[in-house]
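Enquirer:
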Amino acid sequence: MTAFLKQLARTTLPVLLATLGAHAQSDTLAHWSFDNVQGKRIVERVSQQAYPSPTFRPALDAVAGARGAAVRTDGYSVWFTGALPTNILSDSLTLTAWLALESYPVKPAAIWAHRDPTTGQGLALSVDEFGRLVAEVSAGSARERFVTTQLLAHNQWQQVALTMNTQRGRLSLYRNGQLLQAFTFAPGPVGWQPTTVFLGKYPRTERVGDFDTNVLNGVLDDVALLRRPLTAAQVAQAYRAPAAAPDLRIPASRFAGDYLRPRYHPSPAANWCNEAHGLVYHNGYYHLFYQRNANGPYWGNLNWGHLRSRDLLAWEELPVALWPTPNSFDQVGIWSGHVVVNNGTPTIVYTGVDGVKAGIGAATPDAPLLNWQKLPQNPLVTGAPASVPNRDFRDPYVFRDGGGWKMLVGSGLASPADAGTAFLYQSADLVSWQFVGQLFTGDPALDNSGIFWEMPVFWDFGTKRLLLVNKVPQGSNPARALYWVGDFANNQFTPDQQYTRNLDVVNALLSPAVNTDAAGNVTAIGIIPDQVPGTTAYTNGYANVFGLPRTWTLQNGALYQAPHPNLAQLRGSATSFSNVNLTATGRNFLGTASGWQLELRATVQPGATTQQVGFVLGKSASGNEQTRISYDYQTRQVVVDRSLSSTNPNTPHDVITEFLDLPAGQPAEWRIFIDGSALEVFINGRYAFATRMYPASANSNAVDMFVRGGNATLTSAQVWALNIPAVVSSTQPAKAAESQLDTFPNPTTGTVMLATQARRAGQLRGEVLGLDGRVHHRFALPVAAGSSTTALQLPSQLAAGLYVLRYRFDGGATQTRKIMLSR
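In my numbering, the protein residues as written are 522 to 1344.
#1: Would you say G799 reaches chain D, if we count a Cβ-Cβ gap shorter than 9 Å as a contact?
#2: Is the stretch 793-800 touching the stretch 1034-1053, taking contact as three or more C-beta pairs under 8 Å?
#3: Kindly indicate which three-state DSSP category V877 falls into: helix, strand or coil?
#4: CB T1349 to CB A884, shorter than 9 Å?
#5: The beta strand (DSSP E) that contains V1176, what's its start and end?
#6: In three-state DSSP terms, what is Q1261?
#7: Considering only residues of the same chain and omitting the five flanking positions on each side of L1235, which have a CB-CB separation below 7 Å?
#8: What residue does the alpha helix (DSSP H) around G1055 start on, and which one ends it?
#9: Does the Cβ of W619 have 16 or more other Cβ atoms within 10 Å, making it buried, or fewer, making it exposed?
#10: In three-state terms, what does DSSP make of P900?
#11: Going by CA-CA distance only, name the one from Y918, A1039, R728 and G643 that's closest to T607.
#12: With DSSP collapsed to three states, give me the class of N1087.
#13: Can you grab the Cα-Cα spacing for the pair N1036 / V978, in whole Å?
#14: Which stretch, first to last residue, makes up the alpha helix (DSSP H) that contains D1017?
#15: Exposed or buried, D1175, counting other C-beta atoms within 10 Å across all chains shown (16 or more means buried)?
#16: Is the CB-CB distance between D851 and V870 below 9 Å?
#17: Determine, using beta carbons only, whether Y625 and L673 come nearer to each other than 9 Å.
#18: Which complete beta strand (DSSP E) runs does the stretch 962-998 hold, if anything under 3 residues is left out?
#19: For T1106 and Q1132, I'd like the C-alpha separation in whole angstroms.
#20: Can you tell me which of the three DSSP states T1072 falls into?
#21: At what residue ranges does the stretch 541-581 contain a whole run of the beta strand (DSSP E), taking only runs of 3 or more?
#22: According to DSSP, S659 sits in a beta bridge with which residue or residues?
#23: Residues in the same chain with beta-carbon distance under 8 Å from Q1155, minus the five sequence neighbours each way, listed in chain order, please.
#24: Taking its Cβ as the centre, do 16 or more other Cβ atoms sit within 10 Å of L934, making it buried, or is it exposed?
#25: Using the rule of at least 16 other Cβ atoms within 10 Å of the residue's Cβ for burial, across every protein chain shown, is S466 buried or exposed?
#26: Mind checking who V862 pairs with in its DSSP beta bridge?
#27: Helix, strand or coil for A1000, going by three-state DSSP, please let me know.
#28: Is the CB-CB distance between G698 and Q758 below 9 Å?
#29: Cβ of L891 within 9 Å of Cβ of P840?
#30: Just the C-alpha distance for Y1215 and I1195, rounded to the nearest angstrom, thanks.
#31: In whole angstroms, give me the CA-to-CA distance for A682 and V756.
#32: Quick one: Cα of N738 to Cα of A1064, how far?
#33: For V877, count neighbouring C-beta atoms within 10 Å of its own C-beta (all shown protein chains included) and say buried if the count is 16 or more, exposed if not.
#34: Check for me: the beta strand (DSSP E) holding Q714 runs from which residue to which?
#35: Do you know how far the Cα of E1190 is from the Cα of P1184?
#36: DSSP has G793 in a bridge; who is on the other side?
Structure follows, in structure tokens:
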């Protein structure tokens, strides 16, 4: 714990005790202050008893609390248990706690519970999956359960309080000193029984695989149990708003040393993400919306997460955009959807699931796109069309058509034969939708398009349309992204060819979100699933990663995929090679190149007898760990050989081959991006695929080349070490309060003074960008404690004009200023 937090712990006592006067201390039955974190346990202050956490992590994440220090939980493995003597508990008491929630739990999670999960004897105060406070108490033979109608907020400090007198049949729930609801019931004793006390988790075991689902995700602080119930006036008097907003960022220590975690691929700070099907550029920002479970690296309690970026490189995680509403069509989850801009306002169109069927709803935002309101007309489409036998439907994709709107929804026919299909709807206002029919239906026996389609994309390239679908797994046949190219007329899609094309040469990346970037490039970002068991995801603390941005073009009736040009801005130091003779017995063709964040660019000329040539990635010094990616000129296949990829048996050890017809005897141009376990490969500016590797050793990061069946020539190659873009979370810009940032003079002739007013020493890091988002200059400036200004000298080669200055103090909140440079 930092010295700052320790000082707070010594000097801060619960304000609520002051309201009780001289007998305050004697009225405190128990107090869990969280100021005294010791490894993996906290200490209850009255009894001095330790309350351990079962977490697998080596230590708890201690953060600044509402009162002193607090603990950052993770949603699935951090909670506390201990014993409390029943002879100190009575039928009249007060329970208070401070908490800040990143997300609502998958299942109701207890803030504090002394309740037998089998008999229901005792008391529990919980937060349910919709953000409602839930109080459960025994009163004689009755088991009472009270639920508030108002919800707790995300990303805010909230003091909750429960007061009760079961002998009088009264219980009240408060938030921030204000009464939420008062409840009455038939009087009776609690009948306290010896049982385990839980903080941060409900006592009952509820799991998905290895993951406990009834655990809080956020910051828990200052839980206190008082001998008698406070009055409403005393509860109000006890409330004091914290001086700072909660810091819900994931501490850097949580993933320190995890060399396999991708660092320049987009992803949330922790836990589970999937299906980035909502991508939009609006008011200078790219916004990426996706399926999110912030409570753990597993599927459950689906919300819509939100990332944004100025340049498609540095992503800022924002609070979740949408989450389930109780007693509604989306009460079980917010599934995939789409984002369009309607008269200057982005609109989310999404799938909601109620546990029986799926419907379609919509939501609109405030100006900065941080707070979204679901339309009161939801659901806009109540379910799949009854006139067509189908296997459910989901994942809307919306596009302009003339003066109105059209919407595809993925589905599968149940009759006369199983087949994937896309239902088509139309609307004049994005609110009232009419079913039109089936845009297109596949023929699985002929085109291998599967029996159900998810996340459809229908992109207009001008002369042709591209229909992309993701077929669901069926038996041993995995999910895969497929597409057709054709024409759209009279609400029907007619493909140029019946058979499908694979989006990627090797199957991994799925469900791309597609839109145009600031320069008009068609840009796509997909999801690259992890390929490890749930037990590994549990200890990793994250699952899945988004793909790098790609550009799409349509040439000769086929989709061409290339790395987005902005990715070149990540390049740092480079090593170049030319005219290297590749031989079957040689090695170290790329010198000593190694690293976990690299870009390789190579032009390879096969020899007359070359059978196979490619790259060795993730290589150990002895070669016992290595992943090979190559092209076999004899079989005309791309080969991903992971048979020696890792000494860890719980990772893929397969050899994947996929047909690809490269021109015989012609040079092949490769671009390979390495980012921890994530690999993305581009060939000839047209073909692309992603895969994963999981070496067991952090030293298995060398890169090399190999050839079989004759020599080949490495005509040219570059290996770049890549700079890691800044990724910040605005759920709490805690460090912004420590350093107020501004710029002057403006306009400037070359020197910009940054008003830092830093309370501590640190570094000011940032970039100078053009209005097109291109980075012209990066800087890192030391800032002394107490410094009021820091000078930034702009590069002399920077031309006069308008620029965007983006900067942050020691990883805190990002500040953006527009500056004018005159020469």
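Note that the Cβ used here is the ideal one computed from N, Cα and C, for glycine as well. Treat the numbers as computed from the prediction; the structure is a model and nothing was measured.
Expert: The answer reads as follows:
#1: Within the model displayed, chain D is absent; a lone protein chain is all it includes.
#2: yes
#3: coil
#4: Residue 1349 cannot be examined here, being either before or after the span of the chain that is shown, 522 to 1344.
#5: From DSSP, the beta strand (DSSP E) with V1176 extends over V1176 to F1180.
#6: Note that Q1261 has pLDDT 31, beneath the 50 cutoff, so the model's placement of it is unreliable and no number is given.
#7: F1098, V1101, L1103, F1110, A1123, V1125 and M1226
#8: G1055 to N1061
#9: buried
#10: coil
#11: G643
#12: helix
#13: 10 Å
#14: Note, D1017: premise wrong, no alpha helix (DSSP H); not H, not E.
#15: Exposed.
#16: no
#17: yes
#18: 974-981 and 986-992
#19: The alpha-carbon atoms of T1106 and Q1132 are separated by roughly 14 Å.
#20: strand
#21: 549-553, 562-564 and 571-573
#22: R664
#23: Once the five neighbours on either side are set aside, the close Cβ partners of Q1155 are Q1132, Q1133 and G1230.
#24: buried
#25: Any question about residue 466 goes unanswered here, given that the chain covers just 522 to 1344.
#26: P867
#27: For A1000, the three-state secondary structure derived from DSSP is coil.
#28: yes
#29: The answer is yes: Cβ separation under 9 Å.
#30: 12 Å
#31: Answer to the nearest angstrom: the Cα atoms are 8 Å apart.
#32: 16 Å
#33: exposed
#34: In the DSSP annotation of this structure, Q714 is not part of any beta strand (DSSP E), being labelled neither H nor E.
#35: 12 Å
#36: Sequence inspection shows Trp at residue 793; the Gly mentioned does not correspond to that position. Answer is N814 and A1064.
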